[in-house]
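I have placed the structure first, in the form of structure tokens, so that the comments after it can refer back to it.
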Amino acid sequence: MEIKSKEKEKFESETVIPERPEVSLWKDAFRRMCKNKMAVVGAIIIIALLILAIFAPYIAPYHYAKGSLKDNYAKPGDKYLLGADFMGRDVLSRIIYGTRISLSVGIVGALTSFIIGILYGVISGYYGGKVDNIMMRFVDIMYGFPTLLLIILMMVLFKSTFAVTTPGTFAATLSAIDKAFGGLFFIFIGIGITAWIGMARIARGMALSLREKEFVEAARATGNSNFQIMMKHILPNLIGPCVVAVTLRIPRFITFEAFLSFIGLGVNPPTPSWGMMISEGYKAIRSYPHLALYPGIALAITMMAFNFLGDGLRDALDPRMK
Amino acid sequence: MINYIIRRVLWAIPVLLVISLVTFGLGHAIPGGPFDREKPLPAEIIANLESYYGLDDPSWKQYTDYLWNALHGDFGPSYSSRSRTVNDIISAHFPVSAQLGVLALFVAMVIGIPLGMIASLRQNTFIDYFCMFFALLGVSVPSMTLGPLLVWVFALKLNILPVARWGTWQQAILPAFTLGIGSAAILARLTRASMLQVIREDYIRTARSKGVSEKNVTVYHALKNALIPVVTIIGPLFATLVTGSLIVEQIFAIPGCGKYFITSITNRDYPVVLGIMLLYALLIIIANLIVDITYSWIDPRIRYS
Numbered sequence: 029m030e031i032k033s034k035e036k037e038k039f040e041s042e043t044v045i046p047e048r049p050e051v052s053l054w055k056d057a058f059r060r061m062c063k064n065k066m067a068v069v070g071a072i073i074i075i076a077l078l079i080l081a082i083f084a085p086y087i088a089p090y091h092y093a094k095g096s097l098k099d100n101y102a103k104p105g106d107k108y109l110l111g112a113d114f115m116g117r118d119v120l121s122r123i124i125y126g127t128r129i130s131l132s133v134g135i136v137g138a139l140t141s142f143i144i145g146i147l148y149g150v151i152s153g154y155y156g157g158k159v160d161n162i163m164m165r166f167v168d169i170m171y172g173f174p175t176l177l178l179i180i181l182m183m184v185l186f187k188s189t190f191a192v193t194t195p196g197t198f199a200a201t202l203s204a205i206d207k208a209f210g211g212l213f214f215i216f217i218g219i220g221i222t223a224w225i226g227m228a229r230i231a232r233g234m235a236l237s238l239r240e241k242e243f244v245e246a247a248r249a250t251g252n253s254n255f256q257i258m259m260k261h262i263l264p265n266l267i268g269p270c271v272v273a274v275t276l277r278i279p280r281f282i283t284f285e286a287f288l289s290f291i292g293l294g295v296n297p298p299t300p301s302w303g304m305m306i307s308e309g310y311k312a313i314r315s316y317p318h319l320a321l322y323p324g325i326a327l328a329i330t331m332m333a334f335n336f337l338g339d340g341l342r343d344a345l346d347p348r349m350k
Numbered sequence: 002m003i004n005y006i007i008r009r010v011l012w013a014i015p016v017l018l019v020i021s022l023v024t025f026g027l028g029h030a031i032p033g034g035p036f037d038r039e040k041p042l043p044a045e046i047i048a049n050l051e052s053y054y055g056l057d058d059p060s061w062k063q064y065t066d067y068l069w070n071a072l073h074g075d076f077g078p079s080y081s082s083r084s085r086t087v088n089d090i091i092s093a094h095f096p097v098s099a100q101l102g103v104l105a106l107f108v109a110m111v112i113g114i115p116l117g118m119i120a121s122l123r124q125n126t127f128i129d130y131f132c133m134f135f136a137l138l139g140v141s142v143p144s145m146t147l148g149p150l151l152v153w154v155f156a157l158k159l160n161i162l163p164v165a166r167w168g169t170w171q172q173a174i175l176p177a178f179t180l181g182i183g184s185a186a187i188l189a190r191l192t193r194a195s196m197l198q199v200i201r202e203d204y205i206r207t208a209r210s211k212g213v214s215e216k217n218v219t220v221y222h223a224l225k226n227a228l229i230p231v232v233t234i235i236g237p238l239f240a241t242l243v244t245g246s247l248i249v250e251q252i253f254a255i256p257g258c259g260k261y262f263i264t265s266i267t268n269r270d271y272p273v274v275l276g277i278m279l280l281y282a283l284l285i286i287i288a289n290l291i292v293d294i295t296y297s298w299i300d301p302r303i304r305y306s
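The following block contains the structure:
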């Protein structure tokens, strides 16, 4: 009799509990991120920058390379909202076109560090032992390089090796691609070669601890191959923190490009890179401070947006941090 | 522990070897020699110069010669400034970069640590939000924005500090701030996070229940423990500041290693490029080694095998 009433109670309590809708990690994270005002602001700024970059020819009032010399060093005013540079080119238009450069460098850096870094780290951490040892020794070596110096050296090599070449060769093709990108292609390569190292270390550390977990053992017991375990069980569990780490690294890639262009090893003029605009403007900062300050502000806003978003994502994906 | 340190130190040798090999290879792969001029030198003179510097030897011999001399503390001659060796150049320019790095680190610690502490003690108040917003701003504003901005405000508008160059203490203020603010922000966030974690520990509650004054709890019980992670990143932070100072050196025309590195690359002065690269790599390796060791020394729970 007692058992029956207990069962009845259990049955009732089960039916009474309102069913909670199933929420995936990403949906939940998205919901929590929307509550974080900073993250939303960051995301909105990034979307706005993307729109500026994609539709630059329609938004910019002037062409980025064509200026009228009689307007050189024009002060900010009605004709040129943010003034004009030493060649009479509209600063606002050049900043708008410049979002293309900074965002594409950020995206390429993020993608390479994401794809190569995570794959490298997961393989190294999952297999462990000898494989891990060899793979991590290579990362150690790359980690010892002063990154900025290495990128500068590579840029000089790329720029001068592929500068004078006979048409039809591989080098000439690369050089043509680089010209088409306004000098960005080699920056992509230089940043890509160095960007994945930190990511690989993070992913490896997490894979190393994940592979000891019960669910991996269970997956192995049910006959999954190593590849399947890595793809289905390890990868999804470390992708969240890796997304956060990558977002927070994007500002670094953007500054690398800006600095390379600042010292004249980046994009080819007249491609409007913010770094190059700052360097050109800085020469005239005494009389025309707006030339260096406006692109600098654009650079800072972009970096801030990615930091806002990255911080918000971290809080959203890892509620324990709050 | 001793074994671990010895192994790590020994491992630095092959890392440096590979870095030197890669740098040497990259340098030699760049077309154009150090003696190319607008007006070409006669072939005989170039041949003479090349045989004087050993540049007519096969590449592998040049590399092994370089290594042999480097092991004896001689990093070779500079091609572009004939009267100076790489050793002279590094001992003249590295102290400048190191000074800049130390000053920036000082700025970072003096601003960052108190900011993080105040924020953590007033968690979720306006003061906390303000400090953390400032920290986020500091992380996000690159030297390329901050440098020209500070120059414009303090050197040109207010006219109280010099625009550029290096030597007097006034000239050091703007570069040190430009370089240090980003790290100050990093330290502030780290200190805050670490303090918040420590404040919730049981021993803090014990101290409070014993009747220790709030000030003493904060300073002697909480801050002392909260600073552990902060102290450990100061080494790598210094390495990052020194190796990353070339942006600031470029903006403020400071004759440091980074600025010289860029000049040397344009001049195809490989021994200088190689020397600075190796010096900075060594700095990074040592900094990382120190972190790992201090971690296990401060926190005995971490064991290395």
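Chains P and R, in that order, are what the protein sequence lines are. Under the working numbering, think of the first position of the first sequence as 29, with each following residue one higher. Under the working numbering, think of the first position of the second sequence as 2, with each following residue one higher. A virtual CB, placed ideally from N, CA and C, is assigned to each residue, including glycine.
Is residue i buried or exposed, if buried means 16 or more other CB atoms sit within 10 Å of its CB?
{"i": "H94 (chain R)", "result": "buried"}
{"i": "C132 (chain R)", "result": "buried"}
{"i": "K260 (chain R)", "result": "buried"}
{"i": "E250 (chain R)", "result": "buried"}
{"i": "W153 (chain R)", "result": "buried"}
{"i": "T201 (chain P)", "result": "exposed"}
{"i": "Y314 (chain R)", "result": "Summary: the structure shown does not reach residue 314 (chain R), with chain R confined to residues 2 through 306, and so no result is reported for it."}
{"i": "R59 (chain P)", "result": "exposed"}
{"i": "G212 (chain R)", "result": "exposed"}
{"i": "E45 (chain R)", "result": "exposed"}
{"i": "G74 (chain R)", "result": "exposed"}
{"i": "E240 (chain P)", "result": "exposed"}
{"i": "P149 (chain R)", "result": "buried"}
{"i": "S315 (chain P)", "result": "exposed"}
{"i": "M66 (chain P)", "result": "buried"}
What is the DSSP secondary structure of residue i, counted as helix, strand or coil?
{"i": "D113 (chain P)", "result": "coil"}
{"i": "D206 (chain P)", "result": "helix"}
{"i": "D57 (chain R)", "result": "coil"}
{"i": "D106 (chain P)", "result": "coil"}
{"i": "P35 (chain R)", "result": "coil"}
{"i": "P298 (chain P)", "result": "coil"}
{"i": "D270 (chain R)", "result": "coil"}
{"i": "T146 (chain R)", "result": "helix"}
{"i": "D118 (chain P)", "result": "strand"}
{"i": "P78 (chain R)", "result": "strand"}
{"i": "T175 (chain P)", "result": "helix"}
{"i": "T126 (chain R)", "result": "coil"}
{"i": "T250 (chain P)", "result": "coil"}
Nearest chain P C-beta to residue i closer than 7 Å, yes or no?
{"i": "A282 (chain R)", "result": "yes"}
{"i": "M1 (chain R)", "result": "Residue 1 (chain R) falls outside the range modelled here, since chain R spans only 2 to 306, and no answer is possible."}
{"i": "V19 (chain R)", "result": "yes"}
{"i": "L27 (chain R)", "result": "yes"}
{"i": "L137 (chain R)", "result": "yes"}
{"i": "L11 (chain R)", "result": "no"}
{"i": "I90 (chain R)", "result": "no"}
{"i": "I314 (chain R)", "result": "No information on residue 314 (chain R) is available, as it lies outside the stretch 2 to 306 that chain R covers here."}
{"i": "W69 (chain R)", "result": "no"}
{"i": "W167 (chain R)", "result": "no"}
{"i": "I234 (chain R)", "result": "no"}
Under 9 Å between beta-carbons, which chain R residues line up against residue i? List them in chain order, please.
{"i": "G324 (chain P)", "result": "V142, P143, M145, T146, L147, G148, P149 and L150"}
Does residue i come within less than 7 Å of chain R when only Cβ atoms are used?
{"i": "A344 (chain P)", "result": "no"}
{"i": "T283 (chain P)", "result": "yes"}
For residue i, which residues in chain P fall below 8 Å Cβ to Cβ?
{"i": "V274 (chain R)", "result": "L181"}
{"i": "G245 (chain R)", "result": "L176"}
{"i": "F127 (chain R)", "result": "The contacting residues do not exist; F127 (chain R) stays about 15 Å from chain P at best."}
Output, in chain order, the set of chain R residues within a Cβ distance shorter than 7 Å of residue i.
{"i": "A328 (chain P)", "result": "S141, V142, P143 and T146"}
Could you round the C-beta distance between residue i and residue j to whole angstroms and report it? I think they count as a contact, below 8 Å.
{"i": "A105 (chain R)", "j": "G168 (chain R)", "result": "That pair is no contact at about 17 Å."}
{"i": "I179 (chain P)", "j": "T140 (chain P)", "result": "Not confirmed; about 13 Å, so no contact."}
{"i": "A156 (chain R)", "j": "L175 (chain R)", "result": "7 Å"}
{"i": "L185 (chain P)", "j": "L27 (chain R)", "result": "5 Å"}
{"i": "A88 (chain P)", "j": "I146 (chain P)", "result": "With 8 Å as the limit, A88 (chain P) and I146 (chain P) do not qualify as a contact, their Cβ atoms being about 37 Å apart."}
{"i": "L101 (chain R)", "j": "S246 (chain R)", "result": "5 Å"}
{"i": "F214 (chain P)", "j": "M170 (chain P)", "result": "Contact doesn't hold; Cβ gap of about 19 Å is too wide."}
{"i": "Y154 (chain P)", "j": "I262 (chain P)", "result": "6 Å"}
{"i": "L279 (chain R)", "j": "S21 (chain R)", "result": "6 Å"}
Under 9 Å between beta-carbons, which chain P residues line up against residue i? List them in chain order, please.
{"i": "V199 (chain R)", "result": "Within chain P, no residue comes near V199 (chain R); the closest Cβ sits about 15 Å away, beyond 9 Å."}
{"i": "T24 (chain R)", "result": "F173, L177, L178 and L181"}
Name the chain P residues that come within less than 7 Å of residue i, Cβ to Cβ?
{"i": "V16 (chain R)", "result": "D168, I169 and G172"}
Would you mind telling me which residues of chain R sit closer than 8 Å to residue i, beta carbon to beta carbon, in chain order?
{"i": "L263 (chain P)", "result": "Within chain R, no residue comes near L263 (chain P); the closest Cβ sits about 28 Å away, beyond 8 Å."}
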